[in-house]
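Here is the structure we will look at.
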Amino acid sequence: EAQVTQNPRYLITVTGKKLTVTCSQNMNHEYMSWYRQDPGLGLRQIYYSMNVEVTDKGDVPEGYKVSRKEKRNFPLILESPSPNQTSLYFCASSLSIGGEETQYFGPGTRLLVL
Amino acid sequence: AQSVTQLGSHVSVSEGALVLLRCNYSSSVPPYLFWYVQYPNQGLQLLLKYTTGATLVKGINGFEAEFKKSETSFHLTKPSAHMSDAAEYFCAVRDNTGGFKTIFGAGTRLFVKA
Chain A
3 EAQVTQNPRY LITVTGKKLT VTCSQNMNHE YMSWYRQDPG LGLRQIYYSM
53 NVEVTDKGDV PEGYKVSRKE KRNFPLILES PSPNQTSLYF CASSLSIGGE
103 ETQYFGPGTR LLVL
Chain B
4 AQSVTQLGSH VSVSEGALVL LRCNYSSSVP PYLFWYVQYP NQGLQLLLKY
54 TTGATLVKGI NGFEAEFKKS ETSFHLTKPS AHMSDAAEYF CAVRDNTGGF
104 KTIFGAGTRL FVKA
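These protein sequence lines map, in sequence, to chains A and B. Going left to right, the first sequence walks through residues 3 to 116 as the working numbering numbers them. Going left to right, the second sequence walks through residues 4 to 117 as the working numbering numbers them.
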């Protein structure tokens, strides 16, 4: 079954304690992205990757890091989380062929930073 | 810079009535345009995507959207609403120059009355 998995699904942490949210896809997609969703703001792209070792900033990259060492994995790293990073996070993967695009989103990770 | 404005954070329609969700965009280069749906407590699902060519794009679940360059709009419609269409809908824009940076609107929550 084609899917994007995220772990953990729920996380409560404290300010400054480094954390990593994992994202994995089993479809051999080249494109992967991280988004955060906040009420009234919709989704905002944090980082994206167009292939292994190729990453770029989205709209709100401050306070986040990513890496793409393997095609299937795209972890999101918060080196020193702050309360304003409390949010719902989604990972997504995409395949684009001739203008047609297939996208899959993960189930989301709800993060609370105290 | 790109931006997306979704007119109306909440839209309510009766079952069987026309659904019209409005989206206006701003982009300095020809855009790719998207509509996504998010059902309660779920991830996002791609409804449809405009790239180039035909300005009327058909998507899943009976939805379609029309790209109007002169109005910088990409409104989403469905002729007859079903109860199962109740969800949040997001419009998004990406430039078509090869990058993957994507800007989302704030979302429109659709309510369907029986």
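Even glycine gets a Cβ: it sits at the ideal position worked out from N, Cα and C.
Range covered by the beta strand (DSSP E) that runs through residue i
{"i": "leucine 10(B)", "result": "6-10"}
{"i": "serine 76(B)", "result": "76-81"}
{"i": "asparagine 27(B)", "result": "22-29"}
{"i": "histidine 13(B)", "result": "13-17"}
{"i": "threonine 88(A)", "result": "Neither: threonine 88(A) is in no beta strand (DSSP E) and is coded neither H nor E."}
{"i": "arginine 112(B)", "result": "111-116"}
{"i": "glutamine 8(A)", "result": "6-9"}
{"i": "lysine 71(B)", "result": "67-71"}
{"i": "threonine 104(A)", "result": "102-107"}
{"i": "glutamate 3(B)", "result": "The displayed coordinates of chain B run from 4 to 117. Any statement about residue 3(B) would go beyond what the structure contains."}
{"i": "asparagine 53(A)", "result": "44-53"}
Contact with chain B by residue i, beta-carbon distance below 7 Å
{"i": "methionine 34(A)", "result": "no"}
{"i": "proline 109(A)", "result": "yes"}
{"i": "glycine 101(A)", "result": "yes"}
{"i": "leucine 45(A)", "result": "yes"}
{"i": "methionine 29(A)", "result": "no"}
{"i": "glycine 60(A)", "result": "yes"}
{"i": "glutamine 5(A)", "result": "no"}
Integer Cβ distance of residue i from residue j, believed to fall under 8 Å
{"i": "alanine 94(A)", "j": "methionine 34(A)", "result": "7 Å"}
{"i": "glutamine 47(A)", "j": "aspartate 61(A)", "result": "5 Å"}
{"i": "tyrosine 35(B)", "j": "phenylalanine 77(B)", "result": "With a Cβ gap of about 10 Å, tyrosine 35(B) and phenylalanine 77(B) do not count as contacting."}
{"i": "phenylalanine 107(B)", "j": "glycine 44(A)", "result": "4 Å"}
{"i": "valine 68(A)", "j": "glutamine 87(A)", "result": "Not really, about 14 Å apart at Cβ, beyond 8 Å."}
{"i": "valine 56(A)", "j": "glutamate 72(A)", "result": "Valine 56(A) to glutamate 72(A), Cβ: 13 Å. No contact."}
{"i": "glutamate 18(B)", "j": "lysine 104(B)", "result": "The Cβ separation is near 38 Å, so there is no contact."}
Classification of residue i by the beta-carbon crowding that lies within 10 angstroms, buried from 16 upward
{"i": "glutamate 3(A)", "result": "exposed"}
{"i": "proline 83(A)", "result": "buried"}
{"i": "valine 22(B)", "result": "buried"}
{"i": "lysine 81(B)", "result": "buried"}
{"i": "glycine 110(B)", "result": "buried"}
{"i": "glutamine 27(A)", "result": "buried"}
{"i": "valine 16(A)", "result": "exposed"}
Test: residue i CB closer than 7 Å to a CB of chain A
{"i": "glycine 11(B)", "result": "no"}
{"i": "glycine 62(B)", "result": "no"}
{"i": "phenylalanine 66(B)", "result": "no"}
{"i": "phenylalanine 77(B)", "result": "no"}
{"i": "lysine 52(B)", "result": "yes"}
{"i": "leucine 113(B)", "result": "no"}
{"i": "alanine 109(B)", "result": "yes"}
{"i": "phenylalanine 70(B)", "result": "no"}
{"i": "threonine 105(B)", "result": "yes"}
Near the ligand NAP: residue i beta-carbon under 6 Å from a heavy atom
{"i": "serine 6(B)", "result": "The ligand NAP is absent from the structure shown, which contains no ligands of any kind."}
Q.
Tell me whether the segment 4-11 of chain B and the segment 84-102 of chain A touch, counting them as touching only if at least three CB pairs, one residue from each stretch, are closer than 8 Å.
A. Contact fails: fewer than three Cβ-Cβ distances are below 8 Å.
Q) Using 8 Å as the Cβ pair cut-off and three pairs as the minimum, do the segment 95-107 of chain A and the segment 46-60 of chain B touch? A) yes
Q) Are the segment 80-96 of chain B and the segment 52-68 of chain B touching, with three or more C-beta to C-beta distances below 8 Å? A) yes
Q: Evaluate the contact criterion for the segment 39-46 of chain B versus the segment 88-106 of chain B: three or more CB pairs, one atom per stretch, below 8 Å.
A: yes
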